[in-house]
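Residue numbers (my numbering): 94 to 316. The block underneath contains the structure these notes are about, expressed in structure tokens.
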């Protein structure tokens, strides 16, 4: 299951439409317009329903906070077929997205480690996807792949979260003498905190084995 990694596909699809001129990134949207779902625990709950956001803010919250309410609204805005086309167009042929989900999750589908890394590489391109790449650079931190670096030498760009029994993390770790691309996709985990910690320790061991000193990581986790 691809889980929250699919939110990257939604984000790049929306930015594709912005670039084509069919969507205005500065259009005003009230928090009330974004709606709500009983299964969502949204950062929007902190805001007055009359608060005005712009479309670029909704994209940023979907990526940076992995917000499910924003995800539902953006997916409804452009449609699942547009998202699938965007994902396929960047070479992720093994990744699929659908809206028929269980447990109140806004989006479901599958991916592979290779596709996840390719999708991440595209999404972090500031020239092609400035809103998405900015959100990734300033997203909420987690304790998975970033464990592979120290707090004194990294700028972490990623989003965080988990599903019951499932924990993913996909990252580009940039070092002073090279780059390491790492993807963890897991399922049937008895404790996702333990699984996430194991990812971080594994990453640390990989970096140490190659004698790499970390500059920063770009990491995307699932929710």
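Beta carbons are placed, not taken as given, at the ideal position from N, Cα and C, and that holds for glycine. On a predicted model such as this, the values are computed, not experimentally measured, just so you know.
### Task
Assuming residue 321 and residue 312 form a contact by the criterion Cβ under 8 angstroms, report the distance between their Cβ atoms to the nearest whole angstrom.
The first residue shown for the chain is 94 and the last is 316, placing residue 321 beyond what the model contains.
### Query
Is the beta carbon of residue 164 sitting closer than 8 angstroms to the one on residue 100?
yes
#### Entry: For residue 263, the three-state DSSP class (helix, strand or coil)
Correct three-state label for residue 263: strand.
### Query
Which stretch, first to last residue, makes up the beta strand (DSSP E) that contains residue 203?
201-203
### Query
How do the stretch 207-217 and the stretch 182-190 stand: do at least 3 beta-carbon pairs fall below 8 angstroms, yes or no?
yes
### Message
Does the CB of residue 269 have a neighbour CB from chain D at under 8 angstroms?
### Response
You won't find chain D in this structure, because it holds only one protein chain.
### Task
Would you mind giving the Cβ-Cβ distance between residue 286 and residue 261, rounded to the nearest angstrom? I have them listed as a contact below 8 angstroms.
About 14 angstroms separates the two Cβ atoms, so there is no contact after all.
### Message
Which same chain residues end up closer than 8 angstroms to residue 258 when comparing Cβ atoms and leaving out the 5 residues on each side of it in sequence?
### Response
Cβ neighbours of residue 258 beyond the five flanking positions: 280, 281, 282, 283 and 285.
### Query
In angstroms, rounded to a whole number, what distance separates the CA positions of residue 130 and residue 162?
7 angstroms
### Assigned secondary structure, residue 151 (DSSP; H/G/I helix, E/B strand, else coil)
helix
### Query
Roughly how many whole angstroms lie between the Cα atoms of residue 228 and residue 302?
Straight-line Cα distance between these residues: approximately 31 angstroms.
### Message
Give me the residue from 154, 288, 124 and 128 with the minimum Cα distance to residue 142.
### Response
124
### Task
Identify, in the order they occur along the chain, each residue of the same chain with its Cβ nearer than 6 angstroms to the Cβ of residue 122, setting aside the five sequence neighbours on each side.
In its chain, beyond the 5 residues on either side, 146 have a beta carbon closer than 6 angstroms to the beta carbon of residue 122.
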